[in-house]
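Please read the structure below before turning to the comments.
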Amino acid sequence: MSPTLTKTLAALPLASAIALPAVADDATLDFGVPAWPGITVKTEIASQLLEPLGYETRSQELGLQVIYQALETGDLDVFLGGWMPAQQDMLKPREESGDILRLANNVDGAQMTLTVPEYVYENGVQSFADLDANREHFNGEIHGFGAGSAASEILTKAIDNDTWGLGDWRIVDTSTVGMLSAAEDAISRQEPIVWVGWTPHWMNLELPMRYLDDPKNLFGENNGKSDVLTLMRSDYAESHPNLKSFFEQFAFKAEEQSWMIQAFGLDERAADEVAKEWISNNPERVQAMLDGVTTQDGAPAWPAVRKALSL
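Here the sequence shown stands for residues 1237 to 1547, where the numbers follow the working numbering.
Encoded structure:
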């Protein structure tokens, strides 16, 4: 396995957790953070921007299912990784009950679907419809990142229904690291491989890859187009309208978050350092995020943040 791949943190699979966090209180903004590089860095950026406004924040690393439970019970306040439609089954009942409020899509350009190396795409495999005609080149295998993941369930259903002629294919489900190691190994030998890809992620910056077209939208509408939602517990949003306004404007481009994931998850830089660099390089974006937001004392947010962070 490549040394660079052993550094990456898992992204997207359901992480596990043992216990719920301590009960949240209104004096501290409690973030739920799964072990995903992009969410870790985004949460750190939010914390660094909110501190000069007088807010105390706390991040708690937890499994995805536990995060949703804790938002429902009031043990957490905010989650920046509501990947939809993959997590829809976890969000929908809690949204319908009024416990969780979706505030915004915080990543513009997110997507998840099947991908192949660029040289495979250029040789004519450009759609799900091209896969079965080239089955022998792929050994009838699609590489996934974990049994039980949303992607695995989607592909299992497609195989069961023989969608796109995939009835005699199989899923090689390992882990994010295992899947990307297989992709990197195949690419190093210029061999065909198909795997579950998504953006934002460092794979988009490190690997020569192309997403396949899927007119049947197995991974969701618009060929797997996804939203990464900012979720807040509803009663907290009601009692903290200033924070609600901030998080409604807190958003990034997929390419930006791919860079964050590369810097933190692959290059192993500290999350606070990566967050500080993004803030320093994007003062105009920070100002836009703070439009109409105030400090806890009611003063405009942007001057306070600009002074505290020397922007």
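We treat Cβ as the ideally placed atom computed from N, Cα and C, and that holds for glycine.
- Along the length of the stretch 1352-1435, whole beta strand (DSSP E) runs at least 3 residues long occupy 1377-1380, 1406-1409, 1431-1435, reported in chain order.
- Excluding five sequence positions before and after P1451, none of the CB atoms of its chain fall closer than 6 Å to its own CB.
- Judged by DSSP in its simplified three-state form, S1283 adopts helix.
- S1295 has F1267 as its beta-bridge partners, per DSSP.
- In the three-state scheme derived from DSSP, where H, G and I count as helix and E and B as strand, V1522 is classed as helix.
- If you look at W1319, you'll find it in the beta strand (DSSP E) that goes 1314-1320.
- In the three-state reduction of the DSSP assignment, Q1323 falls in the coil class.
- DSSP places A1487 outside both helix and strand once states are collapsed to three, so it counts as coil.
- Boundaries of the beta strand (DSSP E) around L1467: 1463-1469.
- For R1446, the enclosing beta strand (DSSP E) has its first and last residue at 1445-1447.
- With respect to S1411, G1380 sits apart: the two C-beta atoms are not nearer than 7 Å.
- Annotated three-state conformation of T1276 is helix, per DSSP.
- Taking 8 Å as the upper bound for CB-CB distance, N1359 and D1463 are not in contact here, some 33 Å apart.
- Judged by pairs of C-beta atoms under 8 Å, the stretch 1342-1357 does not touch the stretch 1285-1296, as fewer than three such pairs exist.
- In this structure, the beta-carbon distance from F1364 to L1443 does not fall below 7 Å.
- Take L1327, set aside five residues on each side of it, and the residues of its chain with a beta-carbon closer than 8 Å to its own are Y1304, G1318, M1320, I1336, R1338, L1465, L1467, in chain order.
- DSSP places R1338 in the strand class (E or B) of the three-state scheme.
- In the three-state reduction of the DSSP assignment, D1311 falls in the coil class.
- Taking a contact to require three or more Cβ pairs closer than 8 Å, the stretch 1432-1443 and the stretch 1346-1356 qualify as touching.
- Sixteen is the threshold: since fewer than 16 other Cβ atoms of the shown chains lie within 10 Å of the Cβ of D1398, the residue is exposed.
- With a 10 Å radius around the Cβ and a threshold of 16 neighbouring Cβ atoms, Q1426 comes out exposed.
- Our two residues, N1453 and K1461, have alpha carbons roughly 9 Å apart in a direct line.
- Of the candidates P1270, G1290, Q1323, Q1532, P1270 places its Cα closest to the Cα of L1312.
- In terms of Cβ geometry, F1374 and V1314 do not form a close pair [threshold 7 Å].
- Excluding its 5 nearest sequence neighbours in each direction, E1287 has C-beta neighbours in its own chain below 8 Å: T1293, A1544, listed in chain order.
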